[in-house]
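Sequence positions in the sequence shown follow UniProt numbering and run 1 to 230.
Ideal placement from N, C-alpha and C gives every residue a C-beta, glycine not left out.
Inspection log for the structure reproduced underneath, given as structure tokens.
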Amino acid sequence: MSAMFGLGKSKPDQAVQPKKADGPLDNAAMHLAERLLDVGFDGKAGFEPAKKVAQDAMTKHQGNADKAIAEIIGDHRKLAAAGGFLTGLGGFVTLPIALPANVLEFYIVATRMTAAVASVRGYDIDQRELRSAVLLALIGADADDLLKKAGVVSTGRLANLAAQRLPGPALLVVNKAVGFRLISQVGRKAFAKLGKGIPVAGGVIGAGLDVYLLNRIAGSAKKEFPPRTA
């Protein structure tokens, strides 16, 4: 499937400029996107980079990409379940405090999983456009709508975004918009699903919701980043 990405109807010499952060939600969206790009791809102490996760899985399975991806998804599913359960403990009383940490933790796990899948499939996850494509994969079917609102015309799979050379400001707009969408999605689902007065029940539901969401993202990752042909 062929795909083209460009800058909407803007003139060639016009660049899409990121909207200045002017409120708590703007700051939260940008912070979330930056943290996902930082920790989700490059890792931190005790949390390995996506590229190493991909390399280790491929080495273990002797270059079998399908088996490597299955292991990557399985390992991150366990991380998502553990994170959701531990953060959910305490019930509704502590949820407003725990939710931001849970959102960040879950989507860092989801970002690394998606980036590792893309790496196994042969994509350069150090490329800026590819990193933005990985973030877009986190929101699934909403990606096309978000790209249009950001002024980026797209058709086809998100992996094709990496073939373009979009200006930095356009990528910042996309990344921030992903942050907004993720905060909105998780806020609705979390308060609907985790608003339980029983502490342990809240934890179990939190873990189950995280695994459900991660499975959807895993499906999106495999679809949007098909095996790359030389």
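| Item | Value |
| --- | --- |
| Contact set for A162: own chain, Cβ-Cβ below 8 Å, skip 5 residues either direction | Y123, D124, Q127, E129, L130 and A133 |
| Euclidean distance between Cα positions of R35 and A65 | 28 Å |
| Segment limits, alpha helix (DSSP H) that includes S132 | R128 to A137 |
| Run of the alpha helix (DSSP H) containing D26, from where it starts to where it stops | P24 to R35 |
| Between the CA atoms of Q62 and I97 - distance to the nearest angstrom | Residue confidence for I97 is low, a pLDDT of 38 falling below 50, so the modelled location carries little weight and cannot support an answer. |
| Coarse secondary structure for F191, derived from DSSP in three states | Model confidence at F191 stands at a pLDDT of 48, short of 50, so the residue's coordinates are unreliable and nothing is read from them. |
| Exposure of T59, with buried meaning 16 or more beta-carbon neighbours within 10 Å | exposed |
| Assigned secondary structure, F225 (DSSP; H/G/I helix, E/B strand, else coil) | coil |
| Top-ranked residue by Cα proximity to I73, from T114, A141 and F106 | T114 |
| Span separating the alpha-carbon of G197 from that of S154 | Note on G197: pLDDT 45, under 50, position unreliable in the model; no value is reported. |
| A57, buried or exposed, once every other Cβ within 10 Å from all chains shown has been counted against 16 | buried |
| Close-in-space but distant-in-sequence residues of the same chain around A54 (CB under 6 Å, 5 per side omitted) | A116, S119 and V120 |
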